[in-house]
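J.:
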Amino acid sequence: MLNLPPRISSRLNSSQFANLHTFLVAARHLSFARAAEELCLTASAVSHRISRLETALSMKLFQRLTRQVSLTDEGERIFEILQNAMGELSEALEQSSQAEIAGSIALYVRPSIAQCWLVPRLADFIERYPLVSLDLRVGNDNVDFRTRKIDLALYYANGEFPGLTSHRLMRERLAPVCSPEYARRHRLEENPDNLRNCTILHDSLAWDHAAYDAEWTLWAEQHNMLAALPKRSLTFDRSDLCVTAAMNHAGIAIGRQQLVQKRVDRGELVLPLAEFSRSGRYDYYLVHPSLGTIPKRLLVFMNWLRECAHQSSPLDENDDLS
Numbered sequence: 646m647l648n649l650p651p652r653i654s655s656r657l658n659s660s661q662f663a664n665l666h667t668f669l670v671a672a673r674h675l676s677f678a679r680a681a682e683e684l685c686l687t688a689s690a691v692s693h694r695i696s697r698l699e700t701a702l703s704m705k706l707f708q709r710l711t712r713q714v715s716l717t718d719e720g721e722r723i724f725e726i727l728q729n730a731m732g733e734l735s736e737a738l739e740q741s742s743q744a745e746i747a748g749s750i751a752l753y754v755r756p757s758i759a760q761c762w763l764v765p766r767l768a769d770f771i772e773r774y775p776l777v778s779l780d781l782r783v784g785n786d787n788v789d790f791r792t793r794k795i796d797l798a799l800y801y802a803n804g805e806f807p808g809l810t811s812h813r814l815m816r817e818r819l820a821p822v823c824s825p826e827y828a829r830r831h832r833l834e835e836n837p838d839n840l841r842n843c844t845i846l847h848d849s850l851a852w853d854h855a856a857y858d859a860e861w862t863l864w865a866e867q868h869n870m871l872a873a874l875p876k877r878s879l880t881f882d883r884s885d886l887c888v889t890a891a892m893n894h895a896g897i898a899i900g901r902q903q904l905v906q907k908r909v910d911r912g913e914l915v916l917p918l919a920e921f922s923r924s925g926r927y928d929y930y931l932v933h934p935s936l937g938t939i940p941k942r943l944l945v946f947m948n949w950l951r952e953c954a955h956q957s958s959p960l961d962e963n964d965d966l967s
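In the working numbering, the protein residues as written are 646 to 967.
(1) Among all the DSSP beta bridges, which residues are the ones paired with residue 778?
(2) Looking only at its chain, what residues have a beta carbon closer than 7 Å to the beta carbon of residue 678, apart from the 5 residues adjacent to it on each side?
(3) Can you find the residues in the same chain that come closer than 6 Å, C-beta to C-beta, to residue 827, ignoring five residues on each side of it along the sequence?
(4) Name the DSSP beta bridge partners of residue 853, please?
(5) Enumerate in chain order the residues of its own chain whose CB-to-CB distance from residue 660 is below 6 Å, with the five nearest sequence positions on each side excluded.
(6) Give the straight-line distance between the Cα atoms of residue 721 and residue 942, rounded to the nearest whole angstrom.
(7) In three-state terms, what does DSSP make of residue 735?
(8) Count the other CB atoms within 10 Å of the CB of residue 955; is the residue buried (16 or more) or exposed (fewer)?
(9) Do residue 750 and residue 777 have their C-beta atoms within less than 8 Å of each other?
(10) Contact between the region 897 to 907 and the region 812 to 828 is defined here as three or more beta-carbon pairs at a separation below 8 Å; is this criterion met?
(11) Tell whether a beta-carbon distance below 8 Å holds between residue 772 and residue 924.
(12) Could you tell me if residue 833 is buried or exposed, where buried requires 16 or more neighbouring beta carbons within 10 angstroms of its beta carbon?
(13) Do you know how far the Cα of residue 835 is from the Cα of residue 852?
(14) Sorted by chain position, which residues of the same chain lie with C-beta nearer than 8 Å to residue 708's C-beta, five sequence neighbours on each side aside?
(15) Short of 6 Å in beta carbon distance, which residues of its chain neighbour residue 790, apart from the five on each side in sequence? Order them along the chain.
(16) Using CA coordinates, which residue listed in 666, 685, 703, 746 is at the minimum distance from residue 728?
(17) Counting only runs that start and end within the region 890 to 954, where is the alpha helix (DSSP H) found for 4 or more residues in a row?
(18) CB-CB under 7 Å to residue 699, same chain, minus the five flanking residues each way: which ones, in chain order?
(19) Check residue 713 in the structure and name its three-state DSSP category.
(20) Got a sec? Which residues, its chain only, sit under 6 Å from residue 651 by beta carbon, not counting five neighbours each side?
(21) Quick one: what does DSSP say residue 812 is sitting in, helix, strand or coil?
(22) May I ask you to list the residues that DSSP assigns as paired with residue 878?
(23) Determine the extent of the alpha helix (DSSP H) in which residue 764 is found, giving its start and end residues.
(24) Judging by CA-CA distance, which residue of 929, 922, 735, 953 is the nearest neighbour of residue 868?
(25) Give the DSSP bridge partners of residue 686, in chain order.
(26) Between 915, 888, 682, which has its C-alpha nearest residue 904's C-alpha?
(27) Could you say if the region 840 to 858 and the region 868 to 881 meet the contact criterion of at least three C-beta pairs nearer than 8 Å?
Here is the structure:
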C-alpha cells in the first residue's frame with residue numbers, strides 16, 4: 646500500500662483526488678498538453694496540480710524538459726501503485742455492478758428477427774453482462790404476458806399494443822430482393838414489368854393478423870406496381886425462409902433491410918426493382934407489461950438493444966425511445 650506523507654495519508658479530499666487523477670493522466674500520456682486535452686483543462690492548470698501533488702508528497706514526480714516530461718523513479722513508483730489501485734477499484738465496481746443485474750430475462754421474438762438480427766449480436770451482450778441469462782423464445786403470435794412468463798417481446802408491428810408499454814427500437818425499409826442470377830434471367834433491371842413473369846415469395850405472417858400477401862401489396866401500392874404482381878407464388882410463414890428461397894433462385898421476395906442488408910452487401914442478393922424505402926407503417930418495437938419499476942437487468946438489456954439498433958439504423962431526431 647502507498648505510504649503517503651501525513652498531510653495526505655489520513656483523509657483525501659476532493660482536491661487531492663483531483664491532483665492524483667491529473668497525475669495519472671499526465672503520467673499515462675507523458676505530456677501535460679495531452680493530459681490537459683483529455684481533462685478539459687489548460688496545460689498550466691495541469692502543471693499546477695502536479696506541482697501541488699509533488700509538494701504534498703515531498704517528492705518530484707516529473708522531470709520537466711524543454712518540450713516533454715518524463716517520470717522520475719519516484720514518479721514511476723507512484724504511477725504503478727496508483728494504476729494497480731485503480732485497477733482493483735474498477736474490478737470491484739464492475740463486480741458490484743454485475744451483481745446488481747444478475748438474473749434471467751425471458752425474451753420473446755419473431756423467428757426472422759431472432760435468426761437474422763438478434764442472435765448474431767448476442768455474443769457481445771454475453772461478454773459484457775456475464776451474470777445475465779437469456780431465455781430466448783420465438784413465435785409468430787403476439788405473446789400473452791398474463792399467461793406466459795415473458796419479460797420482454799420484440800415485434801415487427803405497427804406500434805399498437807393496447808394495455809402494454811412499447812418503445813420503437815428501429816425503423817424498417819422494404820425492397821424486393823432476389824439472387825443476381827434470377828434478376829438476370831428475368832431481366833428485371835431492364836424492365837420492372839418483367840416482374841409479372843416471376844415467382845413472388847410471400848411471408849404469410851409478416852405481422853400479427855397480416856394477409857398472406859400483405860408486404861408485397863404494401864410495397865406494390867407505394868410503387869404503383871399492383872398490376873405487375875404475378876399470380877405464381879410460394880408462401881412461407883417466416884421472412885428469413887422467403888429470403889433463403891430468393892437467394893437460391895426460387896423467386897423474388899420482399900426484403901426487410903434490417904434483416905438482409907449484409908446479404909446485399911455480400912452480393913448474395915440484389916435489389917432489381919427499387920432501393921429500400923419506408924413501408925410507412927411497420928417497424929420494430931420492444932414491448933413489455935406496464936410496470937411500476939422495471940428491473941435493472943431488463944433496463945440494461947433494453948439499452949444494449951438500443952445500442953445495436955442505433956448502429957444498424959439510427960432513428961430520426963423526433964423518434965420516441967422513452
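All C-beta atoms, glycine included, are put in the ideal place defined by N, C-alpha and C.
T.: Reading from the atomic positions:
(1) In the DSSP output, where bridge partners are listed per residue, residue 778 has 749.
(2) Counting only residues of its own chain and dropping the five nearest sequence neighbours on each side, residue 678 has a CB closer than 7 Å to the CB of 688.
(3) Shown here for residue 827: same chain residues with a beta carbon closer than 6 Å to its own, the five before and five after excluded, namely 894 in chain order.
(4) Its beta-bridge partners do not exist; DSSP assigns none.
(5) No residues qualify anywhere along the chain.
(6) The straight-line gap from Cα to Cα measures roughly 40 Å.
(7) In the structure shown, the three-state DSSP call for residue 735 is helix.
(8) It counts as exposed.
(9) Yes, Cβ-Cβ distance for residue 750 and residue 777 is below 8 Å.
(10) Because the criterion of three Cβ pairs below 8 Å is met, the region 897 to 907 and the region 812 to 828 touch.
(11) Their beta carbons are not under 8 Å apart, which means residue 772 does not touch residue 924 by this criterion.
(12) Buried: at least 16 other Cβ atoms inside 10 Å.
(13) For residue 852 and residue 835, the distance between alpha carbons rounds to 32 Å.
(14) Closer than 8 Å at the Cβ level, and outside the excluded window around residue 708, lie 714, 715, 716, 717.
(15) In its chain, beyond the 5 residues on either side, 934 have a beta carbon closer than 6 Å to the beta carbon of residue 790.
(16) Checking every option, the nearest Cα to that of residue 728 belongs to 666.
(17) Runs of alpha helix (DSSP H) with 4 or more residues, each lying fully within the region 890 to 954, are found at 902 to 910, listed in chain order.
(18) Cβ neighbours of residue 699 beyond the five flanking positions: 705, 706.
(19) Assignment of residue 713 by DSSP, reduced to helix, strand and coil, places it in the coil class.
(20) At residue 651, the pLDDT of 44 sits below 50, so the modelled position is not reliable; the number obtained from the coordinates is stated separately. Non-local C-beta neighbours of residue 651 in its own chain, meaning closer than 6 Å and more than five positions away in sequence, are absent.
(21) Taken through DSSP and simplified to helix, strand or coil, residue 812 comes out as strand.
(22) DSSP, once it has assigned bridges, lists 845 as partnering residue 878.
(23) Per DSSP, residue 764 belongs to no alpha helix (DSSP H) and is neither H nor E.
(24) Nearest neighbour of residue 868 by Cα position, chosen from 929, 922, 735, 953, turns out to be 922.
(25) As DSSP reads the structure, residue 686 sits in no beta bridge.
(26) Checked all of 915, 888, 682; the closest Cα to residue 904 is 888.
(27) With a cut-off of 8 Å, the region 868 to 881 and the region 840 to 858 count as touching, because enough Cβ pairs lie within range.
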